[in-house]
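Protein chains in written order, with the working numbering: chain A, -7 to 320; chain B, -7 to 320.
2 protein chains.
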Amino acid sequence: MSMDEAARIALLSRLFEADTPGVDVGIGDDAAVLAPDAVGARRIVWTIDEQVDAVHFRRDLVSWHDLGWRSLMAAASDVAAMGAVPWCALTAMVLPGDVDDAALGQIGQGQRDASRVLGAPVVGGNLSQGRVLSIATTVLGTCERPVRRRGAREGDGVWLAGSIGIARAGLEALLRASPMRAGLEPALAAWRTPRALIAEGRAMALCAHAAIDVSDGLACDVGHIAQASGVAIVLDEAALLADPALCDAADALGESALHLALFGGEDYALVMASAVEAPGFRRIGTVRAGSGIAVRGFSGERPIEPRGFDHFRADCFVTGKRPEASRS
Amino acid sequence: MSMDEAARIALLSRLFEADTPGVDVGIGDDAAVLAPDAVGARRIVWTIDEQVDAVHFRRDLVSWHDLGWRSLMAAASDVAAMGAVPWCALTAMVLPGDVDDAALGQIGQGQRDASRVLGAPVVGGNLSQGRVLSIATTVLGTCERPVRRRGAREGDGVWLAGSIGIARAGLEALLRASPMRAGLEPALAAWRTPRALIAEGRAMALCAHAAIDVSDGLACDVGHIAQASGVAIVLDEAALLADPALCDAADALGESALHLALFGGEDYALVMASAVEAPGFRRIGTVRAGSGIAVRGFSGERPIEPRGFDHFRADCFVTGKRPEASRS
């Protein structure tokens, strides 16, 4: 049996209760109230992300806790991609009747655990019933100097923080539901409990000309930088494959590691264009004059489509179909 | 045929494009960027609301334009209820395959029209596919002094801005789908195109001890003030019925006007507890020592349940069932 809405809000209030400086009013009023002290002369960065059952996750593939965790991390990653620090979050959940109070409590714990790692408390939200489970998460952040997608310059290096392709390998392993082979544990964890790269984002803000987080897939997301900046980007195949965990996972699945690295999504890595290195980043390519993206490999250079997962072309990511959409 | 996600985002960007002071980066990057100038020493007020198909609306009862309009107004009303002025908004939409680009354009136009009336531009959002249409809207506002649900004092008047019960009458009329009778036009408009009472909220912020917006129903929402403030509230039946439009609509439907006024939701009126009047408000009751709420009518005083629409008790608002949930 389900508690009524007030009891469910009280449950989440207890979970999210936090002594956070700058939060005057948290859960339980018409709106959260934030003191302006945390902002000062800094810029406010603001994003919303949504995770929908059978589109971004499938309930049999992820625990309630991890569902809450990844919903918050996915939204916070957009804040990291601007070089900003998360400040606080709101969560709007649509809950079918079969998501009981224990499940809601676990989703809330996942959100709380993620919010603690991020240093950004959940200060409010909304609960609705509905036939399809979804979690919309909005995050506020602050920064001195936001890093946009536009701004990459000819001659810049292209730099990566975090892993790419691994989360997709983890999802692929879950979809096949075959007895798990060695080498796939890091991939499963990457898909189930990703981390927004906040520290890396802050480091990058000091030098990056342009940046994005890798949510749809490297080819797609780097394509956004190239298009917004009016440049071409050439990725280095050897650099993309210099990740033992990715190669192990690809081997275990019998998949191409390069394909996973280029087109797999949901890793929440950060990519920046910068003339100089930043802590936590490794070089994976170069910005050139022109347009489009290419991979420079062992057998020369070839253009690639800046594609990845597109909600409006792929019927459903987690059916296991390879996304075929172009997005530019 | 549907455009791909990038084209849809471009469509919305063109709609929402606005020369808004204080918005450094709008749609099209990882996050919106806001300059802190609009905040200064003011408080930031922040809310999220979600409208879900077959729960908060039904696609055959509302135009695409009005769906966009009411999704933004419902969220902005929470900002008004704190005595704050809306600043800007983000919208996260889940769109089934049969919501085509023309429909999306009309939803966006409804959002834009509402945002212009509110003076709060849509500066970003998120698009997902999914089986059930939903729109989550988050709004930032600013104010000198937020008005909370707690703070009502014994002896305060209870004051109302806007109409109550009318929106529910409009929905009831739509659900019956019978040939429309005279007197119901204002009710239909109230449900389809509500207005967040921003000016009234600002006026109230100068004097209110406590406030809320009437989204779930007067009895339920006034119950929140009573509970949060640790007081009793007595509503005046004659004052609740002093609205010709409500009485006309109730007559046309053969419903009790008092029942509509007490338990109908989605009017987005404002209620405050205050020792003094504010422009746009009329008195509908009194704050007393004690707890709970009551109606003082022609035949004496009787307690009423602080109930209204509760997503987790009522199966579906728009099935026409009268909400039976208690919420306290």
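Glycine residues also receive a C-beta, built at the ideal position from the N, C-alpha and C atoms. All of these numbers come straight from a predicted model, not from anything done at the bench.
Does the region 152 to 160 of chain B come close enough to the region 249 to 266 of chain B that 3 or more CB-CB pairs lie under 8 Å?
yes
Three-state secondary structure (DSSP) of S126 of chain B
strand
Local Cβ density within 10 Å of S248 of chain B, reported as buried at 16 or more and exposed below that:
exposed
Backbone CA spacing between P315 of chain B and A46 of chain B [nearest angstrom]:
Annotation note: pLDDT 35 at P315 of chain B (below 50); position unreliable, no value reported.
Applying the 10 Å Cβ sphere with the 16-neighbour rule, what's the burial state of V268 of chain A?
exposed
Please state the DSSP three-state secondary structure of F371 of chain B.
In the structure displayed, chain B extends from -7 to 320; residue 371 of chain B sits before or after that span and is not available.
Which full runs of the alpha helix (DSSP H) of 4+ residues lie inside the region 208 to 287 of chain A, going along the chain?
210 to 221, 229 to 232, 236 to 245 and 249 to 255
Cβ distance (whole Å) where V31 of chain A is taken to contact T134 of chain A below 8 Å
6 Å
Rounded C-beta distance between A324 of chain A and L245 of chain A? I'm assuming under 8 Å.
With chain A covering -7 to 320 only, the question about residue 324 of chain A has no answer from this structure.
For the region 32 to 48 of chain A, enumerate the residues whose C-beta is nearer than 9 Å to any C-beta of chain B, in chain order.
G32, A33, R34, R35, I36, V37, W38, T39, I40, D41, E42, Q43, V44, D45, A46, V47 and H48
If you measure beta-carbon to beta-carbon, which residues of the region 67 to 82 of chain B are closer than 7 Å to chain A?
D70, V71, A73, M74 and L82
Closer than 7 Å between beta carbons: that is the criterion. Which residues of the region 140 to 167 of chain A meet it against chain B?
R140 and R141
List the residues that DSSP assigns as beta-bridge partners of E293 of chain B.
B:R288
From A:E146, A:A281 and A:A191, residue whose alpha carbon lies closest to that of P271 of chain A
A:A191
Do three or more CB pairs link the region 228 to 243 of chain B to the region 108 to 117 of chain B at distances below 8 Å?
no
Would you mind reading off the limits of the beta strand (DSSP E) that contains E42 of chain B?
R35 to V44
W79 of chain B and T185 of chain B look like a contact to me (Cβ under 8 Å); what is the Cβ gap, rounded to whole Å?
Not quite, the Cβ-Cβ distance comes to about 22 Å (not below 8 Å), so this is no contact.
Spatial neighbours of S(-6) of chain B within its chain, please: CB distance less than 8 Å, with the 5 preceding and 5 following residues excluded, ordered by chain position.
Model confidence at S(-6) of chain B stands at a pLDDT of 47, short of 50, so the residue's coordinates are unreliable and nothing is read from them.
Do the region 210 to 224 of chain A and the region 120 to 130 of chain A make contact, defined as three or more Cβ pairs closer than 8 Å?
no
Go ahead and label P138 of chain B buried or exposed: buried means 16 or more other beta carbons lie within 10 angstroms of its beta carbon, across all protein chains shown.
buried
Less than 7 Å between C-beta atoms, sequence neighbours within five positions excluded: which residues of the same chain meet that for D148 of chain B?
H201, A265, S266, A267 and V279
According to DSSP, what are the bridge partners of F49 of chain A?
A:D45
Can you confirm whether R194 of chain B, when its beta carbon is compared against all beta carbons of chain A, has any partner nearer than 8 Å?
no
CB contact check: R299 of chain A to chain B, cutoff 8 Å:
no
Alpha helix (DSSP H) containing L3 of chain B: first to last residue?
E(-3) to F8
Considering only residues of the same chain and omitting the five flanking positions on each side of E164 of chain A, which have a CB-CB separation below 6 Å?
L245
Label P295 of chain B either buried or exposed according to how many other C-beta atoms from any shown protein chain fall within 10 Å of its C-beta, with 16 as the threshold for buried.
exposed
C-alpha gap between V223 of chain A and D52 of chain A, whole angstroms
42 Å
Go through its chain and collect everything with a Cβ distance to A188 of chain A's Cβ below 7 Å, but skip five positions before and after it.
M65, A68, S69, A72, L110 and Y260
Cutoff 8 Å: D21 of chain A Cβ touching any chain B Cβ:
yes
What are the partner residues of W151 of chain B, as DSSP defines its beta bridges?
B:M264 and B:R275
Could you give the DSSP three-state label for S107 of chain B: helix, strand or coil?
helix
Bridge partner(s) assigned by DSSP for S120 of chain B
B:V86
Answer with yes or no whether the minimum CB distance from L26 of chain B to chain A is below 8 Å.
yes
Beta carbon of A218 of chain A nearer than 8 Å to that of S283 of chain A:
yes
Any beta carbon of chain B sitting closer than 8 Å to that of P178 of chain A?
no
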